[in-house]
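Engineer: So for the sequence shown, numbering that gives the first Met the number 0 puts the first residue at 0; every next one is plus one.
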Amino acid sequence: MGPSVLCGWAPPPLAGFGSAEVPRSMKKATKTRKRSHRYIETMKQLDLKKTYSLEEAIPLVKASSKVKFDASVEVHVRLGIDVKKSDQHIRGTLTLPHGTGKMKRVAAFVEPDKETDAKAAGAAIVGGEELIANILKEGKIDFDVAIATPIMMPKIAKIAKILGTRGVMPNPKTDTIGTDVKKMVADQMGGKVSFRNDATGNVHQMIGKVSFPDEHLKANFEALLNLINKVRPSSAKGIYIKKITLTTSMGPGLKIAE
0 MGPSVLCGWA PPPLAGFGSA EVPRSMKKAT KTRKRSHRYI ETMKQLDLKK TYSLEEAIPL
60 VKASSKVKFD ASVEVHVRLG IDVKKSDQHI RGTLTLPHGT GKMKRVAAFV EPDKETDAKA
120 AGAAIVGGEE LIANILKEGK IDFDVAIATP IMMPKIAKIA KILGTRGVMP NPKTDTIGTD
180 VKKMVADQMG GKVSFRNDAT GNVHQMIGKV SFPDEHLKAN FEALLNLINK VRPSSAKGIY
240 IKKITLTTSM GPGLKIAE
């Protein structure tokens, strides 16, 4: 027999074991967020299996946003393309009629004599070889889009992998390489967006904010879809646009009639 039994003493149960109860003061209170009456009523109306017209979907998507901040409104398009074939990949650049509502941080890779123009146009980060060296050293970036002059492109090759994996490598197809630095920066800050299909043949694009008027979101949506149709690969067969979904940040997605 053990010594604890002989002396009539047994050790107290360890916390988290046995039948010992956790004091109420130590229990973590759980809060249930109260939803607005409008949100609850909107969710009752939603049918995620239904196909909505754009005019029906926009107000429903806006009302179903469950976050406190001004959520982004996004369009997701499933395309009937074969991503294994390079000639069926799509990409495009356009200026949305009413912008995206997002303040972009633009980086400008330019020669010293063009730095003033880039800053005046609103670029958040401006530089040349020193900026490139810093990105190469840190291995990270702090901007949403990058523009560059042709002279800087051979030097940017050093950080091409870093920029490319984050989708911000300057490219003539997205109008982010040129000599008119002021215009390039202004365009990027004024609602110009670029899109391309992902590895599964889908296009994802923000078209505004929940605070946007319905007609502004409608105009942005139509401008995007028009260009997606315009850049359809000639080799793509069958149904090109298979599915369109409209949603908000962390909100439900509604299927839109093509």
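Ideal Cβ positions, reconstructed from N, Cα and C, are used throughout, including at glycine.
Treat the numbers as computed from the prediction; the structure is a model and nothing was measured.
(1) What three-state label does DSSP hand residue 85 in the structure shown?
(2) Over what stretch of residues does the alpha helix (DSSP H) that includes residue 73 continue unbroken?
(3) Given a cut-off of 8 Å, decide if residue 247 and residue 60 are closer than it, judged by their beta-carbon atoms.
(4) Can you tell me the Cα-Cα spacing of residue 97 and residue 214, whole angstroms?
(5) Can the beta-carbon of residue 212 be found less than 8 Å from the beta-carbon of residue 86?
(6) Using a Cβ-Cβ cutoff of less than 7 Å, which residues in the same chain neighbour residue 257 once the five nearest sequence positions on both sides are dropped?
(7) Exposed or buried, residue 249, counting other C-beta atoms within 10 Å across all chains shown (16 or more means buried)?
(8) Cutting at 8 Å between CB atoms, please list the residues of its own chain near residue 165, excluding the five before and the five after it.
(9) Given a cut-off of 8 Å, decide if residue 79 and residue 235 are closer than it, judged by their beta-carbon atoms.
(10) Which same chain residues end up closer than 7 Å to residue 251 when comparing Cβ atoms and leaving out the 5 residues on each side of it in sequence?
(11) Tell me which same chain residues have a C-beta within less than 7 Å of the C-beta of residue 182, skipping the five on either side of it?
(12) Does residue 230 come out as helix, strand or coil in the three-state DSSP assignment?
(13) Considering only residues of the region 175-205, which uninterrupted beta strand (DSSP E) runs meet the minimum length of 3 residues and lie entirely inside it, listed in chain order?
(14) What span of residues does the beta strand (DSSP E) with residue 105 cover, start to end?
(15) Are the CB atoms of residue 151 and residue 177 nearer to each other than 8 Å?
(16) Between the beta-carbon of residue 124 and the beta-carbon of residue 158, is there less than 8 Å?
(17) Using the beta-carbon count (16 or more within 10 Å), is residue 220 buried or exposed?
Structural biologist: Short version:
(1) Locating residue 85 in the sequence shown gives position 86, counting from the first residue. Looking at residue 85 - three-state DSSP - the assignment turns out to be helix.
(2) As a position in the sequence shown, residue 73 is number 74, starting the count at 1. Element bounds for residue 73: not the alpha helix (DSSP H) but the beta strand (DSSP E), 71-78.
(3) Taking the first residue of the sequence shown as position 1, residue 60 is located at position 61. Taking the first residue of the sequence shown as position 1, residue 247 is located at position 248. Contact flag set, yes.
(4) By one-based count along the sequence shown, residue 97 stands at place 98. By one-based count along the sequence shown, residue 214 stands at place 215. Our two residues, residue 97 and residue 214, have alpha carbons roughly 10 Å apart in a direct line.
(5) Counting from 1 along the sequence shown, the entry for residue 212 is found at position 213. Counting from 1 along the sequence shown, the entry for residue 86 is found at position 87. No, these two residues do not count as a Cβ contact at 8 Å.
(6) Start at 1 with the first residue of the sequence shown, and residue 257 comes out as number 258. Once the five neighbours on either side are set aside, the close Cβ partners of residue 257 are 240 and 243.
(7) As a first step, residue 249 must be located in the sequence shown, where it is residue number 250. By the 10 Å Cβ count, residue 249 comes out exposed.
(8) Residue 165 sits at position 166 when you count from the first residue of the sequence shown. So the list reads 140, once near-sequence residues are dropped.
(9) Residue numbering aside, residue 235 sits at position 236 when the sequence shown is read from its first letter. Residue numbering aside, residue 79 sits at position 80 when the sequence shown is read from its first letter. Yes, Cβ-Cβ distance for residue 235 and residue 79 is below 8 Å.
(10) Taking the first residue of the sequence shown as position 1, residue 251 is located at position 252. A distance below 7 Å between beta-carbons, with the five flanking residues on each side excluded, links residue 251 to the following residues of its chain, in chain order: 45, 47 and 63.
(11) Here residue 182 is taken as the residue at index 183 of the sequence shown, counted from 1. Nothing listed; no residue qualifies.
(12) On the sequence shown, residue 230 is found 231 positions in, with the first residue counted as 1. Residue 230 falls in the coil class under three-state DSSP.
(13) 191-195
(14) Numbered from 1 along the sequence shown, position 106 holds the residue referred to as residue 105. That run of the beta strand (DSSP E) goes 105-108.
(15) Numbered from 1 along the sequence shown, position 152 holds the residue referred to as residue 151. Numbered from 1 along the sequence shown, position 178 holds the residue referred to as residue 177. No, Cβ-Cβ distance for residue 151 and residue 177 is not below 8 Å.
(16) If you number the sequence shown from 1, residue 124 lands on position 125. If you number the sequence shown from 1, residue 158 lands on position 159. Taking 8 Å as the Cβ cut-off, residue 124 and residue 158 do not qualify as a contacting pair.
(17) Translated into positions along the sequence shown, residue 220 becomes position 221. It counts as buried.
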